[in-house]
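J.:
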Amino acid sequence: MSESQEKASSRPGPSRKIVVLEDSFRVTEMTLPPGGEVRPHRHTWMTDVFYGLAGELLLKVEGQEAFRLACGASAEVRPGLLHGARNVGADEGRFLLVQHGGRYDFVEPSEDMAE
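Sequential numbering from 17 applies to the sequence shown in my numbering.
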């Protein structure tokens with residue numbers, strides 16, 4: 017494991033509260049502690065829509081400038097794009113994640129290369 021992978025894996029991940037769960041649609045309230053992150057990944061079929069509820073998150077999406085997601089802000093990530101988020105604030109970060117458009121999967125970059 018590389019040093020950067022060790023650092024990434026030592027960051028705390030999100031806690032999740034599933035609000036709606038259907039075959040091709042789900043809504044999850046996610047909470048990230050300060051410094052916490054959602055590891056970079058992509059979805060084959062689903063679109064992610066992020067709605068900031070509290071705190072400040074840095075959303076990184078493949079091919080785009082990093083976006084700061086604060087309370088009241090939203091962002092959309094299309095299927096197939098590598099993306100991840102990190103809480104860059106001093107307080108807990110919360111966001112609502114709406115996923116729609118197909119079957120759920122969570123493909124990490126290392127899994128992409130194995131295919």
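Even for Gly, the Cβ is constructed at its ideal location relative to N, Cα and C.
Remember, predicted model here, so these are calculated numbers, not experimental data.
Could you work out which residue in G100, S31, V123 is closest to V54 when comparing CA atoms only?
T.: Here residue 54 refers to the residue found at position 38 when the sequence shown is read from its first residue. The residue with the shortest Cα to Cα distance from V54 is G100.
J.: Just to confirm the assignment, what range does the beta strand (DSSP E) spanning V35 have?
T.: Your numbering for residue 35 matches position 19 in the sequence shown. Unbroken beta strand (DSSP E) run through V35: 31-37.
J.: Roughly how far, in whole angstroms, is the beta-carbon of V123 from the beta-carbon of T60, given that I think they are within contact range, below 8 Å?
T.: Start at 1 with the first residue of the sequence shown, and residue 123 comes out as number 107. Start at 1 with the first residue of the sequence shown, and residue 60 comes out as number 44. Right, the Cβ-Cβ distance comes to about 6 Å (below 8 Å), so this counts as a contact.
J.: Does the distance from the C-beta atom of V65 to that of A89 stay below 9 Å?
T.: By 1-based counting over the sequence shown, the position of residue 65 is 49. By 1-based counting over the sequence shown, the position of residue 89 is 73. Taking 9 Å as the Cβ cut-off, V65 and A89 do not qualify as a contacting pair.
J.: Could you name the residues that DSSP lists as bridge partners for T47?
T.: The sequence position of residue 47 within the sequence shown is 31, counting from 1. For T47, which the question treats as bridged, DSSP gives the partners S31, R110.
J.: State buried or exposed for R110, treating a residue as buried only when at least 16 other CB atoms are found within 10 Å of its CB.
T.: Mapped onto the sequence shown, residue 110 falls at position 94. Result: buried.
J.: In or out: V35 buried (at least 16 other Cβ within 10 Å) or exposed?
T.: Taking the sequence shown and counting its residues from 1, one reaches residue 35 at position 19. With fewer than 16 other Cβ atoms within 10 Å, it is exposed.
J.: Which whole-angstrom value describes the C-beta separation of S40 and G117, a residue pair presumed to lie in contact below a C-beta threshold of 8 Å?
T.: Looking up residue 40 in the sequence shown gives position 24. Looking up residue 117 in the sequence shown gives position 101. Between G117 and S40 the Cβ distance is about 7 Å, and since that is below 8 Å, they are a contact.
J.: Less than 9 Å separating the beta-carbons of L69 and C87?
T.: Counting from one through the sequence shown, the residue named residue 69 turns up at place 53. Counting from one through the sequence shown, the residue named residue 87 turns up at place 71. Their beta carbons are under 9 Å apart, which means L69 touches C87 by this criterion.
J.: Does the beta-carbon distance from G51 to R102 come in below 9 Å?
T.: The residue you call residue 51 lines up with position 35 of the sequence shown. The residue you call residue 102 lines up with position 86 of the sequence shown. Their beta carbons are under 9 Å apart, which means G51 touches R102 by this criterion.
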